[in-house]
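There are 2 protein chains.
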Amino acid sequence: MLLRKKQKQDVDSDILALTKIVGTKSILHYKEDLLSYDCDGFTIHKAMPKAVIFPKNTEEVSAAVKYCSDRNIPFLARGAGTGLSGGAIPLNNEVIISLVKMKHLLEVDYENRQATVQPGFVNLKLTNSISHKGYYYAPDPSSQYVCTIGGNVAENAGGAHCLKYGVTTNHILGLEVVLPDGEIIEISNNGVLDMPGYDLLGILTGSEGTLGIVTKIIVRILKNPEAKKTVLAYFDNVEDGSQAVSDIISAGIIPAALEMMDQTAIEGVEKGAFPVGHPDDIEALLLIEVDGIAEGIEEQIDQILSVCRNRNVREVKVARDEEERGRWWANRKTGFGAMGAISPDYLVQDGVIPRSKLPEVLNKIRSISDEYELRIANIFHAGDGNLHPLILFDSRIEGETDKALKAGTACLKACADAGGSITGEHGVGIEKKEEMRFIFSDEEIEAQTAIRDVFNPNNLLNQGKLFPTPSRCMDIKKVIKETAVTK
Amino acid sequence: MLLRKKQKQDVDSDILALTKIVGTKSILHYKEDLLSYDCDGFTIHKAMPKAVIFPKNTEEVSAAVKYCSDRNIPFLARGAGTGLSGGAIPLNNEVIISLVKMKHLLEVDYENRQATVQPGFVNLKLTNSISHKGYYYAPDPSSQYVCTIGGNVAENAGGAHCLKYGVTTNHILGLEVVLPDGEIIEISNNGVLDMPGYDLLGILTGSEGTLGIVTKIIVRILKNPEAKKTVLAYFDNVEDGSQAVSDIISAGIIPAALEMMDQTAIEGVEKGAFPVGHPDDIEALLLIEVDGIAEGIEEQIDQILSVCRNRNVREVKVARDEEERGRWWANRKTGFGAMGAISPDYLVQDGVIPRSKLPEVLNKIRSISDEYELRIANIFHAGDGNLHPLILFDSRIEGETDKALKAGTACLKACADAGGSITGEHGVGIEKKEEMRFIFSDEEIEAQTAIRDVFNPNNLLNQGKLFPTPSRCMDIKKVIKETAVTK
Chain Y
1 MLLRKKQKQD
11 VDSDILALTK
21 IVGTKSILHY
31 KEDLLSYDCD
41 GFTIHKAMPK
51 AVIFPKNTEE
61 VSAAVKYCSD
71 RNIPFLARGA
81 GTGLSGGAIP
91 LNNEVIISLV
101 KMKHLLEVDY
111 ENRQATVQPG
121 FVNLKLTNSI
131 SHKGYYYAPD
141 PSSQYVCTIG
151 GNVAENAGGA
161 HCLKYGVTTN
171 HILGLEVVLP
181 DGEIIEISNN
191 GVLDMPGYDL
201 LGILTGSEGT
211 LGIVTKIIVR
221 ILKNPEAKKT
231 VLAYFDNVED
241 GSQAVSDIIS
251 AGIIPAALEM
261 MDQTAIEGVE
271 KGAFPVGHPD
281 DIEALLLIEV
291 DGIAEGIEEQ
301 IDQILSVCRN
311 RNVREVKVAR
321 DEEERGRWWA
331 NRKTGFGAMG
341 AISPDYLVQD
351 GVIPRSKLPE
361 VLNKIRSISD
371 EYELRIANIF
381 HAGDGNLHPL
391 ILFDSRIEGE
401 TDKALKAGTA
411 CLKACADAGG
421 SITGEHGVGI
431 EKKEEMRFIF
441 SDEEIEAQTA
451 IRDVFNPNNL
461 LNQGKLFPTP
471 SRCMDIKKVI
481 KETAVTK
Chain E
1 MLLRKKQKQD
11 VDSDILALTK
21 IVGTKSILHY
31 KEDLLSYDCD
41 GFTIHKAMPK
51 AVIFPKNTEE
61 VSAAVKYCSD
71 RNIPFLARGA
81 GTGLSGGAIP
91 LNNEVIISLV
101 KMKHLLEVDY
111 ENRQATVQPG
121 FVNLKLTNSI
131 SHKGYYYAPD
141 PSSQYVCTIG
151 GNVAENAGGA
161 HCLKYGVTTN
171 HILGLEVVLP
181 DGEIIEISNN
191 GVLDMPGYDL
201 LGILTGSEGT
211 LGIVTKIIVR
221 ILKNPEAKKT
231 VLAYFDNVED
241 GSQAVSDIIS
251 AGIIPAALEM
261 MDQTAIEGVE
271 KGAFPVGHPD
281 DIEALLLIEV
291 DGIAEGIEEQ
301 IDQILSVCRN
311 RNVREVKVAR
321 DEEERGRWWA
331 NRKTGFGAMG
341 AISPDYLVQD
351 GVIPRSKLPE
361 VLNKIRSISD
371 EYELRIANIF
381 HAGDGNLHPL
391 ILFDSRIEGE
401 TDKALKAGTA
411 CLKACADAGG
421 SITGEHGVGI
431 EKKEEMRFIF
441 SDEEIEAQTA
451 IRDVFNPNNL
461 LNQGKLFPTP
471 SRCMDIKKVI
481 KETAVTK
C-alpha cells in the first residue's frame, strides 16, 4: 500500500515538473484525455502514454527532454499522428511531446528559394502560403492537408509527385534538432549540395524520431512549373497498364506523377467521397501528370497518348481544366480512406520494387489475395515502383486481423524477393521492424543501431521502433496479435 | 643493432604477407617506386606510404584490410589521386590500397537505368560506354577524363552539370563496402527513393575514405536530353555578370550548368591548351547550358539572352554546333591547369555561398587578393554558388606558399561568414580540417567523429583526415608549413 502511494507520488511529481515547463494548458495526463494518443495511423496496435505535452518553442522541448532524460523517462515526438507504421505509438508509457503548437511559418526567403517552418506546420499550408508568389513545396504525401512537415522529416515522406521531384530528404536544407539529452544543435547545408563531414541532415531525415526531435526546418521551395497536363487512361488488363508505365519511362519522359489503381481500388474510390465516374469493369487506370515549360508539354502528352494506344488502352483523356484535374487528384489522394466504403477495415502496405518487376509482383499479390481469402486493392505510385496493397478485412471476424497482417507480410516478402524494399515512404515504425530482416543482414542492422546509440545512447527516445530487437525478446507480431484492438 | 634488425624484419614480413595476398606484380614497396604516391592533387603536402598495393577484386581488398587491421597498420584507399584536399596522402606511413586495377564496367541495366562499376572505373568512360544507347552518367567533375567513380563517391564529387542534376550522392543506388575490419557489406536502395533505416548510402558517400573502402558501385544512368544549347556571355563588369546569374535563376530557369570566370581566369585559360578567343578586357564571362525537350529550349535561350542584355552584356552568343560547344567546355574544364600558364603555382579553394551573396563575396575576395598581394583568379559554378578562387603564387619565393595558404583560409572564412560552407565538392581532407570549425561547433564535430568510430573504431583507415584533431595536438597548418614541398 505504501509502495502504491509512493508510485503515485512519483508520477505526480513528473507531471508537476512537466507542467512547470510547458504550462497547465499544454499538458494532458488524465486517462480520458490521453485516449486519442494511444495510436497513430497504424491503428492495429494501441498503447497509452504517461502524458502528452504541447511545447510552444524549442526551449520548452529541450527542457522537457532534459527532464525526461535525467530521470530515465521514455519519451517520443508526435506530429499530426497520421503516420502509417506506428512510429508515434507509446510502447513504453512514454511522455509524448506533441509539436502541434509549434505550427508557424517562420520565414520565406524567395531569393534563395527556401522557407523556415516549425515542425507542426501542416504540409499543404506551405504551398498555400507561397503560391501567390508562384512557388510551392514539392513533397506531397496524400495526407498533406493534415500531416506536418516535422512528421514528414521523421518519415522522409514521399507522395505522388516525388517521382520527378524526389522525397522529403531532397528538399531539406537545414534542421534545428533537440538531441535526446536536451542539447539543441543546428544542421544546415545552407543550400549547399555537398556539405563537408558526414551527411547528418541525411541521417536525421527518415530516422523515424529515433535520433532527435526536430524543432525547426529549412526547406527548399520551387517555382511553379509553367504548365501542367494530366492524363487519365483506362486499361482492360493490368499487364497492359504496367507495360504502359515502363514504356513511358523508357521513352525518356519523367512525369511529375504516374499513379495506378486496380479494379478493387477503383470500386473503392468510386464509392468514396470523390467519385469521378471511372468505369467499373477495367482492370487498371493510370493517372499521369507532366509539368514543365509550356512548349515541351504538348509533345510529351502526345507521346504518352501514343504509348497508351500501343498498349490497347480502352480510353484515354487529358484533363480539360484545373477543375477536372483537381477532381481526379482528390479521387486518387483520398483513395486509402475510401476503402472504408467497401470494407470495415483495411491494412495498407508499402513496398517498393524495380519498375520492371511490376507485372510479376502484381500477379504475386493476386495469389496472396487468393491464398488468404482477402481482397487486396492496389493504389500506388507506379512510376517509382512504390506499391500500396490495401488488404481489406473485417476485424470483427475472429482471426481476420491476424490473416490480414500475414497477407501484408507476404506482400512485403514478395517485394523484397523481387529485389525491392519493405517501405517506400510509410516507414518501419513498429509495423515492419521484423521485416527489416528481409533486406538487412544482422551486421547491417548492428551498424544502424550503433549509429542510433551515438545520438540516443540510453534509447529513451522512441524506444522499440525501426529495428528488430531480438535481444530484448520482443516479438512484435505477437504483441500486435495479443493487443490488437477491434473497432 | 638487434632492434634495428628486428624492425627491418617486421617491415619485410608485412610486405611479404601483403604480396601473398595481391601477388608480386601488384605491390610497390621500394622507395623510388613509392615517390609518385606521396601526394594527390593537393601537392602542398607530401608524405611517403609504407607500400602501395593494387588488389584485383573485393576479396583481395578485404584480406589486405584484415591483415592491416589485425596488426594495427594504418591504411587508406586511393583512386586516380586527383583529389584536391589531400584525402589520399599517407600522413602516417599508411599502406595505400590503390583501386586502379579494379577498373571494369560490370553491368549496364538499361531497363532499370543503372550501371554497376568497380571503384577504379574512370568517370568519363561510363558515359562513353553507354552513349551509343542514348544514356549518360550525370556527375561531371572537371577531372572526369581521369578521376575514378570510387574517388567520386569518397568525395561526393560535383561538377558543372550538378546545378540541375545533383552531385554524386544523388546518383548512387548501391555500394559494396569493405569495412575497416575487413568485413564486406552491401548497401543498396534498389533504386528506391526512401530506404528504411538510416541513410547509410548517404553517410558513406562523401565520407572521404574514413568509413570504409568502396569496392563496387551501382549508379543511376540518365537518358540523354533531347536537346542542348550553350550560351557564352561577356560582361564589362563583375556585378552585371553576378546579377545575370541571379536573374536567370529567378526567372525559374534551372540551367544544366551556369559557370563564371573572371578576368584573371580568362587570361589563364586563353594562354592554356584550349584558347577560344575570349576578349582580354572583360571582367566576367558566363557559360550557360540548358537542356531538355527541344520545344522548350528555344524559349529558355531567349529568356537568357534577354536577361543578359538587361544586365548590359557586351556580347552574347549561342554555340553554333556541338564542335563549338565542345571547345567552350574544354576551355572551361581545363581552367585550373591553365593557371600554370600565368603562375608557377596555384592553390585552388572551394567555398560555397548563397547565390545572392555572389557580388559581396567576390568583392571580399578582391580585397583578400590586395591584402596578401597575390593574384586570385575565379573560375566557378556560379549557379549553385560554388566558388573556386585560384590563388596564384610562386613557391620559390620565400614565404609565398604560406601567404597563399593564409589567403585561401581567408577566402573560406569569407564564404562561411556569408552563411556558406568551406567546401562545395573538393572535400576537407587534410587541407581544411581546421576550417571545419568555421561551420561546426565542437558538439557537431563530436557527433560526426562518434559516427566515424562506429565504422572505424581504431581509426586505422585514413587517419588524420576530415576532422580537426585538437586532442592529438596536431596543428595541420604547422605540419603543412614545415613540410611544404617546393616544386
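Chains as they are written, first to last, in full-length UniProt numbering: chain Y, 1 to 487; chain E, 1 to 487.
Where a beta carbon is used, it is the ideal one built from N, C-alpha and C, also for glycine.
Which listed residue (the options) has its alpha carbon closest to that of residue i
i: Val290(Y); options: Leu76(Y), Ser129(Y), Arg220(Y) and Glu226(Y); result: Glu226(Y)
i: Ala154(E); options: Thr409(E), Leu124(E), Leu99(E) and Trp329(E); result: Leu99(E)
i: Thr24(E); options: Ile44(E), Ser36(E), Cys39(E) and Phe54(E); result: Phe54(E)
i: Ser356(Y); options: Pro49(E), Tyr30(E), Arg113(E) and Ala47(E); result: Arg113(E)
i: Gly83(E); options: Ile44(E), Leu105(E) and Glu60(E); result: Ile44(E)
i: Asp384(E); options: Cys162(E), Asp321(E) and Glu59(E); result: Cys162(E)
i: Trp328(E); options: Arg366(E), Ala273(E) and Ser367(E); result: Ala273(E)
Cα-Cα separation, residue i to residue j
i: Ser131(E); j: Asn224(E); result: 8 Å
i: Gly212(Y); j: Gly351(Y); result: 26 Å
i: Asn72(E); j: Asn170(Y); result: 39 Å
i: Phe336(Y); j: Val348(Y); result: 8 Å
i: Ala51(Y); j: Leu35(Y); result: 10 Å
i: Tyr37(Y); j: Val214(E); result: 45 Å
i: Ser62(E); j: Gly87(E); result: 21 Å
i: Ile248(E); j: Tyr135(E); result: 28 Å
i: Ala414(E); j: Val361(E); result: 7 Å
i: Lys66(Y); j: Glu94(E); result: 43 Å
i: Gly197(Y); j: Ile451(Y); result: 15 Å
i: Ser421(E); j: Phe438(E); result: 8 Å
i: Gly81(Y); j: Gly174(E); result: 32 Å
Opposing strand residues paired with residue i [DSSP bridges]
i: Arg220(Y); result: Gln114(Y)
i: Tyr136(Y); result: Leu222(Y)
i: Phe393(E); result: Asp345(E)
i: Val290(E); result: Lys229(E)
i: residue 551(Y); result: Residue 551(Y) lies beyond the residue range present for chain Y, which begins at 1 and ends at 487; the question has no answer from this structure.
i: Val318(Y); result: Val231(Y)
i: Ile379(E); result: Met261(E)
i: residue 488(E); result: Residue numbering for chain E in the displayed model covers 1 to 487; residue 488(E) lies beyond these limits and cannot be assessed.
i: Tyr174(Y); result: According to the sequence shown, residue 174(Y) is Gly rather than Tyr. DSSP output for Gly174(Y) lists Ser188(Y) and Ile218(Y) as bridge partner(s).
i: Ser421(E); result: Val352(E)
9 Å Cβ cutoff, residue i in contact with chain Y
i: Phe467(E); result: yes
i: Ser242(E); result: no
i: Arg452(E); result: yes
i: Asn458(E); result: no
i: Ile480(E); result: For Ile480(E), the predicted structure reports a pLDDT of 35, less than 50, and the residue's modelled location is therefore unreliable. A value from the coordinates is still provided. No - not a single Cβ of chain Y is within 9 Å of the one on Ile480(E).
i: Tyr198(E); result: yes
i: Ile185(E); result: yes
i: Met260(E); result: no
i: Ser62(E); result: no
i: Ser471(E); result: Because Ser471(E) sits at a pLDDT of 41, beneath the cut-off of 50, its placement in the model cannot be relied upon, and the following sentence gives the value as read from the coordinates. Chain Y, which has no Cβ nearer than 9 Å to the Cβ of Ser471(E), makes this no.
Pair within 9 Å by beta-carbon distance, residue i and residue j
i: Gly120(Y); j: Gly150(Y); result: yes
i: Leu76(E); j: Gln463(E); result: yes
i: Glu270(E); j: Phe380(E); result: no
i: Glu431(Y); j: Phe42(Y); result: yes
i: Val318(Y); j: Leu286(Y); result: no
i: Gly408(E); j: Ile397(E); result: no
Minimum Cβ-Cβ distance from residue i to chain E less than 9 Å
i: Leu16(Y); result: no
i: Phe455(Y); result: yes
i: Val428(Y); result: yes
i: Asn112(Y); result: yes
i: Ile249(Y); result: yes
i: Lys31(Y); result: no
i: Lys46(Y); result: no
i: Thr169(Y); result: yes
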